[in-house]
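This report refers to the structure that appears directly beneath it.
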Amino acid sequence: QQKVQQSPESLTVSEGAMASLNCTFSDGTSNNFRWYRQHSAKGLEVLVSIFSDGEKEEGRFTAHLNRANLHVSLHIREPQPSDSAVYLCAGNSAGNKLTFGIGTRVLVRP
Amino acid sequence: DPKIIQKPKYLVAVTGSEKILICEQYLGHNAMYWYRQSAKKPLEFMFSYSYQKLMDNQTASSRFQPQSSKKNHLDLQITALKPDDSATYFCASSQETGRGERLFFGHGTKLSVL
Numbered sequence: 001q002q003k004v005q006q007s008p009e010s011l012t013v014s015e016g017a018m019a020s021l022n023c024t025f026s027d028g029t030s031n032n033f034r035w036y037r038q039h040s041a042k043g044l045e046v047l048v049s050i051f052s053d054g055e056k057e058e059g060r061f062t063a064h065l066n067r068a069n070l071h072v073s074l075h076i077r078e079p080q081p082s083d084s085a086v087y088l089c090a091g092n093s094a095g096n097k098l099t100f101g102i103g104t105r106v107l108v109r110p
Numbered sequence: 111d112p113k114i115i116q117k118p119k120y121l122v123a124v125t126g127s128e129k130i131l132i133c134e135q136y137l138g139h140n141a142m143y144w145y146r147q148s149a150k151k152p153l154e155f156m157f158s159y160s161y162q163k164l165m166d167n168q169t170a171s172s173r174f175q176p177q178s179s180k181k182n183h184l185d186l187q188i189t190a191l192k193p194d195d196s197a198t199y200f201c202a203s204s205q206e207t208g209r210g211e212r213l214f215f216g217h218g219t220k221l222s223v224l
């Protein structure tokens, strides 16, 4: 079964500074990749979906995919305190089944 | 307004009892899913349904039984509850089960088994 490693475990950034999160997959099972955000006691909000090697931007969120290295990253441009949340990466395999990492807890200080 | 409604939001149960977690989606989707998030573990796929039929089951225990009475409903019955079943259970839906279909998640039901 595919495993997903997320780093760092937690991240504190100042408002306006770039935040960078990483995700490495154990194998090439996943066909496409997603970044989700989870605020406490709320559902998951999809931020970016990426299907091809390279970069995909959605507003202030940019995902980078390198299939050869089984690596996906997320960059948050000009983070705001409201961006404080747990960020989850997920790989999507057959049957639209998502395999998640354990998450990176991001705190944005004013 | 939330388009995927999960009820209840919080649930406390005693060991050995049975509970049903409710999920309704108003997105007109044909595929529905259950995921579980236990403490200090990744969100984990449990079941997927398409057009009210079971597509995939990654849950080892038969104590977990999805029930689809209507196209936009996928409830989760859990019998003989154990403390290890304590987790937040998320329902999700997508238009179809093809790869690449965007999944929408509900807010979850947090289950505590004492």
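Chains as they are written, first to last, in our numbering: chain U, 1 to 110; chain Y, 111 to 224. Glycine included, C-beta positions come from ideal geometry on N, C-alpha and C. The structure displayed is predicted, hence computed values, not measured ones.
Span of the beta strand (DSSP E), counted from its first residue to its last, around residue i
i	result
HIS75 of chain U	71-76
GLU154 of chain Y	154-160
GLU58 of chain U	54-58
ARG105 of chain U	104-109
ARG37 of chain U	32-38
PRO176 of chain Y	174-177
ALA141 of chain Y	141-147
ASP195 of chain Y	Premise fails: ASP195 of chain Y is in no beta strand (DSSP E) and is neither H nor E.
SER10 of chain U	10-14
GLN1 of chain U	Element bounds for GLN1 of chain U: n/a, residue is neither H nor E.
LEU164 of chain Y	163-167
HIS217 of chain Y	Per DSSP, HIS217 of chain Y belongs to no beta strand (DSSP E) and is neither H nor E.
SER49 of chain U	44-50
SER93 of chain U	85-93
TYR120 of chain Y	120-123
LYS129 of chain Y	129-135
ASN66 of chain U	61-66
SER20 of chain U	19-25
THR99 of chain U	97-100
LYS117 of chain Y	114-117
GLN80 of chain U	That residue, GLN80 of chain U, is in no beta strand (DSSP E); it is neither H nor E in DSSP.
LEU186 of chain Y	185-188
Closest residue to residue i among the options (Cα-Cα distance)
i	options	result
TYR106 of chain U	U:LYS97, U:SER93, U:PHE100 and U:ALA85	As written in the sequence, residue 106 of chain U is Val, which differs from the Tyr given in the question. It is U:ALA85 whose Cα lies nearest to the Cα of VAL106 of chain U.
VAL124 of chain Y	Y:LYS150, Y:TYR143, Y:PHE157 and Y:THR189	Y:THR189
ALA94 of chain U	U:GLN80, U:PHE33, U:SER10 and U:VAL72	U:PHE33
GLY101 of chain U	U:VAL108, U:GLU55 and U:ASN92	U:ASN92
LYS3 of chain U	U:THR12, U:GLY54 and U:GLY28	U:GLY28
GLY126 of chain Y	Y:LYS192, Y:SER178 and Y:LYS180	Y:LYS192
LYS150 of chain Y	U:SER73, U:ASN96 and U:GLU9	U:GLU9
ARG212 of chain Y	U:LYS97, U:THR104 and U:PHE25	U:LYS97
MET142 of chain Y	Y:PRO152, Y:GLN162, Y:GLU128 and Y:LYS129	Y:GLN162
ARG109 of chain U	U:GLN5, U:LEU11 and U:ASP53	U:LEU11
ASN66 of chain U	U:ASP53, U:CYS89 and U:GLU15	U:ASP53
SER179 of chain Y	Y:HIS217, Y:SER204, Y:ALA170 and Y:LEU164	Y:LEU164
HIS71 of chain U	U:ALA19, U:GLU57 and U:SER26	U:SER26
GLU55 of chain U	U:ALA68, U:SER73 and U:ASN69	U:SER73
Test: residue i CB closer than 8 Å to a CB of chain A
i	result
HIS183 of chain Y	Absent from the structure is chain A; the protein chains it does hold are U and Y.
Integer-rounded CB distance, given that residue j should sit under 8 Å from residue i
i	j	result
PRO79 of chain U	ALA17 of chain U	7 Å
PHE215 of chain Y	GLY43 of chain U	4 Å
CYS201 of chain Y	ILE114 of chain Y	6 Å
SER7 of chain U	THR99 of chain U	Contact flag wrong, Cβ pair sits at about 17 Å.
LEU153 of chain Y	LEU88 of chain U	7 Å
HIS75 of chain U	SER14 of chain U	Not confirmed; about 15 Å, so no contact.
PRO118 of chain Y	THR219 of chain Y	6 Å
Any non-hydrogen atom of the ligand SAM within 7 Å of residue i CB
i	result
PRO112 of chain Y	By its list of ligands, the structure shown contains no ligand whatsoever, and the ligand SAM lies outside what it can speak to.
* Asked: Hey, is the stretch 61-74 of chain U in contact with the stretch 26-45 of chain U, meaning 3+ C-beta pairs nearer than 8 Å?
  -> They touch, by the three-pair rule.
* Is the stretch 145-164 of chain Y in contact with the stretch 178-185 of chain Y, if contact means three or more CB pairs nearer than 8 Å? -> As far as the Cβ criterion goes, the stretch 145-164 of chain Y touches the stretch 178-185 of chain Y, which means the pair count is three or higher.
* Does the stretch 194-211 of chain Y come close enough to the stretch 137-153 of chain Y to have 3 or more Cβ pairs within less than 8 Å? -> Verdict: yes, contact present.
* Are three or more beta carbon pairs between the stretch 45-53 of chain U and the stretch 131-138 of chain Y nearer than 8 Å? -> With the cut-off at 8 Å, the stretch 45-53 of chain U and the stretch 131-138 of chain Y do not touch.
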